[in-house]
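Numbering of the sequence shown is given in the UniProt record's numbering, commencing with residue 1 and proceeding in unit increments.
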Amino acid sequence: MQDQPRLLFSQAGGSVPGLPPHLQDTEAEGRKQDIGDILQHIMTITDQSLDEAQARKHALNCHRMKPALFSVLCEIKEKTVLSIRGAEEEELPDPQLLRLDNMLVAEGVAGPEKGGGSAGAAAAAAAAAVGGTASDNSTEHSDYRAKLTQIRHIYHTELEKYEQACNEFTTHVMNLLREQSRTRPISPKEIERMVSIIHRKFSSIQIQLKQSTCEAVMILRSRFLDARRKRRNFSKQATEILNEYFYSHLSNPYPSEEAKEELAKKCSITVAQVSNWFGNKRIRYKKNIGKLQEEANVYAAKTAVTAKNSVAHGSQANSPSTPNSAGSSASYSVPHTGDLYTNMQSINGDSYQGSQVTDNTQSQAVHRQSLLGGGLCAHRGQLQNVLDTE
Numbered sequence: 001m002q003d004q005p006r007l008l009f010s011q012a013g014g015s016v017p018g019l020p021p022h023l024q025d026t027e028a029e030g031r032k033q034d035i036g037d038i039l040q041h042i043m044t045i046t047d048q049s050l051d052e053a054q055a056r057k058h059a060l061n062c063h064r065m066k067p068a069l070f071s072v073l074c075e076i077k078e079k080t081v082l083s084i085r086g087a088e089e090e091e092l093p094d095p096q097l098l099r100l101d102n103m104l105v106a107e108g109v110a111g112p113e114k115g116g117g118s119a120g121a122a123a124a125a126a127a128a129a130v131g132g133t134a135s136d137n138s139t140e141h142s143d144y145r146a147k148l149t150q151i152r153h154i155y156h157t158e159l160e161k162y163e164q165a166c167n168e169f170t171t172h173v174m175n176l177l178r179e180q181s182r183t184r185p186i187s188p189k190e191i192e193r194m195v196s197i198i199h200r201k202f203s204s205i206q207i208q209l210k211q212s213t214c215e216a217v218m219i220l221r222s223r224f225l226d227a228r229r230k231r232r233n234f235s236k237q238a239t240e241i242l243n244e245y246f247y248s249h250l251s252n253p254y255p256s257e258e259a260k261e262e263l264a265k266k267c268s269i270t271v272a273q274v275s276n277w278f279g280n281k282r283i284r285y286k287k288n289i290g291k292l293q294e295e296a297n298v299y300a301a302k303t304a305v306t307a308k309n310s311v312a313h314g315s316q317a318n319s320p321s322t323p324n325s326a327g328s329s330a331s332y333s334v335p336h337t338g339d340l341y342t343n344m345q346s347i348n349g350d351s352y353q354g355s356q357v358t359d360n361t362q363s364q365a366v367h368r369q370s371l372l373g374g375g376l377c378a379h380r381g382q383l384q385n386v387l388d389t390e
């Protein structure tokens, strides 16, 4: 114990008072050799087996100079702690993590499962209610809840794995520090500081987990409950009715309020949706007049085929009996079909002769219509399969 101040002073690089110079040089060489031996022992620690390490640890704990060594380390530690004590700052919660937590709670993914997500699903379903019937909204709502339950289950499973890994690593580090505190001074505050550092490192994993979950919820909402998508998802029958009315009134494609109500009733949609559909249809027709003329051919050919069944080959169109037969057997007569093509000319300014629609053109148009209808059904079926499997 008396050699302890001398040892510390000599390690600090000073000379020992009361010794002649040649003895001080000899002692300095001895210190260098001792330091070299110590460094050599430190470098070989990693090569030791577990039994050798335990034996050395036991020898150190039983050494008679261990209290002196621990006292020296405490003095050095006290000086070091004084220099870093002012650097400690109060930890603030991560704002990004707070935003993600609030969003997950609002969507019913995090927090207690009390019908989780029902409020968000109901609000989104109400916003999308203008796009379909009540039964459709109920189906979409149940699908949304089922998918949300799957997301919630995956999130909690992964979160449990994350918390387990974080706790295991934290416990391992705390046990290691407590074991080392028997040899070197480690205060409880230092252990707490190390635990907070570990939690900060793990928080990046937690942010990624919660961020990916929030993205999945947003994709789910946009897929099932986006009103803008549902506005375009009219049934095939509703689209046929609206297109038939549009092309049969090309001279004035502005249905009255009574006509809108009737169309809405036939199509099982709202009057506002009918108005929006006609507004968008008029804009698309004027911008893509060439492409939409083929669509007009389809509905014109459909009307012509219906009228042809009641008119004999068109050569008897001027006979006295033709008007009666045409008027009694078809909802759209041949003169009305001619008006349709004349009305098309009044909108786009291009000349289009209804008499050029031959029997071959009519059959091609009807065939094209059937292909388009089948393609839409197949495409809708593929989308439904994607929504069911994803």
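Ideal Cβ placement from N, Cα and C applies to all residues, glycine included.
Exposure of residue i, with buried meaning 16 or more beta-carbon neighbours within 10 Å
i      : result
Tyr254 : exposed
Lys147 : buried
Lys287 : exposed
Phe224 : buried
His141 : buried
Ser251 : exposed
Lys302 : buried
Ser49  : exposed
Ser248 : buried
Gln208 : exposed
Gln273 : buried
Own chain, CB closer than 6 Å to residue i, minus 5 neighbours either side, in chain order
i      : result
Phe246 : Pro253 and Lys281
Ala238 : Cys267
Phe278 : none
Lys77  : Pro185
Residue i to residue j span [Cα, whole Å]
i           : j      : result
Lys57       : Leu97  : 43 Å
Met65       : Asp94  : 47 Å
Lys161      : Ile198 : 16 Å
Met218      : Lys236 : 29 Å
residue 401 : Asn243 : Any answer about residue 401 is impossible in this case: the structure gives the chain only from 1 up to 390.
His172      : Asp37  : 31 Å
Leu159      : Gln180 : 32 Å
Phe70       : Ser204 : 38 Å
Ile186      : Ile45  : 21 Å
Ile289      : Phe234 : 22 Å
Gln206      : Thr213 : 11 Å
Thr80       : Pro188 : 16 Å
Glu75       : Gln40  : 25 Å
Met43       : Thr170 : 27 Å
Ile283      : Ser222 : 26 Å
Glu215      : Thr157 : 17 Å
Thr149      : Met174 : 37 Å
Glu52       : Ala68  : 24 Å
Asp47       : His63  : 23 Å
Ile35       : Asn102 : 57 Å
Contacts around residue i, its chain only, beta-carbon distance under 7 Å, and the 5 residues preceding and following it disregarded
i      : result
Arg228 : Residue confidence is low: Arg228 scores 48 on pLDDT, short of 50, so the model does not pin down where it sits. No coordinate-derived value is stated.
Ser275 : Lys260
CB-CB length for residue i against residue j, believed under 8 Å
i      : j      : result
Tyr144 : Leu220 : 7 Å
Arg184 : Leu73  : 5 Å
Lys210 : Leu100 : 4 Å
Leu177 : Ile191 : 5 Å
Cβ neighbours of residue i in the same chain (closer than 8 Å, five flanking residues each side left out)
i      : result
Val271 : Glu257, Lys260, Glu261 and Ala264
Gly111 : Leu104 and Val105
Ala122 : Note that Ala122 scores a pLDDT of 49, beneath 50, so its modelled location is shaky and nothing firm can be said.
Leu60  : Lys66 and Thr183
Ile241 : Leu263, Lys266 and Cys267
Quick check: the stretch 261-270 against the stretch 287-302, are at least 3 beta-carbon pairs closer than 8 Å? no
Are there three or more Cβ pairs, one per stretch, closer than 8 Å when the stretch 42-56 is compared with the stretch 158-169? no
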